[in-house]
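Shown next, in structure tokens, is the structure this report addresses.
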Ligand code: CA
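Numbering (the numbering used here), first residue to last: 9 to 232.
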């Protein structure tokens, strides 16, 4: 299991990251200062670092420089502000492997994390990239979906939504959880976009595979 270090001082963002990473099968630890980030990252027990550039004690760029200066090759994804083009460039020049701009959708971050981990993966670890629940299967690498032998054409968002359902079969997921995971924590909570996309998935998967739990949310029902 991959262990991810989060260096982020905003508790709202770090808990959003922790919850999401956990839901995707990662283990994570959070630090909120540059000093702690350097120390922990050099400890060698992490597979990837998600680094906020705006940390309270020192700039995130200092963390990058310190780690790369000491020969640390851990993949690093930096979190930058929307208008922080200069920071982004500096981050990449400072040795970051990728960057993501706040506010971001969780699924986008996970996709970036997976790419970084896959790039570093030694051949002995071959991740099974297909999720299966009942007769539905999703190939996370090729982004293809099937119901039985029938291939189903899903848009990017539909695929992400399907992935969340397949990772939590028979579990009730609230509209808020789905909104958070797929559209990001800054999305207007009053939107009905989740209902709309669940409707798309229902139609494409067919049958009664995604059930409404009245007043709460939705649940994927596994059909053989
Ligand atoms: Ca910050």
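Cβ coordinates follow ideal geometry from the N, Cα and C atoms, glycine included.
Just so you know, these numbers come straight off a predicted model, no measurement behind them.
Check your understanding: Does DSSP classify residue 15 as helix, strand or coil?
Key -> strand
Practice item. Counting only the same chain and skipping the five closest in sequence on each side, list residues whose C-beta sits under 8 Å from that of residue 18. Key: 60
Practice item. Check each candidate in 191, 29, 201 and 101 and name the one with the smallest Cα separation from residue 76. Key: 101
Check your understanding: Closer than 7 Å: is that where the CB of residue 92 sits relative to any heavy atom of ligand 1?
Key -> no
Review point. So does residue 17 have its beta carbon nearer than 7 Å to some heavy atom of ligand 1?
Key: yes
Review point. Taking DSSP as the reference, what is the three-state secondary structure of residue 118?
Key: helix
Point to revise | Whole-angstrom distance between residue 166 and residue 152, CA atom to CA atom | key: 11 Å
Review point. At what residue ranges does the stretch 58–125 contain a whole run of the alpha helix (DSSP H), taking only runs of 4 or more?
Key: 68–77 and 93–101
Review point. On the three-state DSSP scale, how would you describe residue 25?
Key: helix
Check your understanding: What do you get for residue 13, buried or exposed, if any count of 16 or more other CB atoms within 10 angstroms of its CB means buried?
Key -> buried
Check your understanding: Counting pairs of beta carbons, one from the stretch 40–53 and one from the stretch 103–117, are three or more of them closer than 8 Å?
Key -> no
Practice item. For residue 210, I'd like the list of residues in its chain whose CB is within less than 6 Å of its CB, leaving aside the five on either flank, ordered along the chain. Key: 218
Check your understanding: Do you know how far the Cα of residue 108 is from the Cα of residue 88?
Key -> 6 Å
**Study point:** Neighbour-count burial assignment, residue 38, 16 or more Cβ in a 10 Å radius
**Key:** buried
Check your understanding: Between residue 22 and residue 178, what straight-line distance do the alpha-carbon atoms span, to the nearest angstrom?
Key -> 28 Å
Practice item. Using only alpha-carbon positions, find the residue among 15, 111 and 49 that is nearest to residue 65. Key: 15
**Study point:** Outcome for residue 36 when other beta-carbon atoms lying within 10 angstroms are tallied against a minimum of 16
**Key:** buried
Practice item. Please indicate yes or no: does the CB of residue 228 lie closer than 7 Å to some heavy atom of ligand 1? Key: no
**Study point:** Range of the contiguous alpha helix (DSSP H) that encloses residue 180
**Key:** Counting along the chain, residue 180 falls outside any alpha helix (DSSP H), though it belongs to the beta strand (DSSP E) covering 180–182.
Review point. So does residue 60 have its beta carbon nearer than 7 Å to some heavy atom of ligand 1?
Key: yes
Review point. Going by DSSP, what residues sit across from residue 226 in a beta bridge?
Key: 181 and 220
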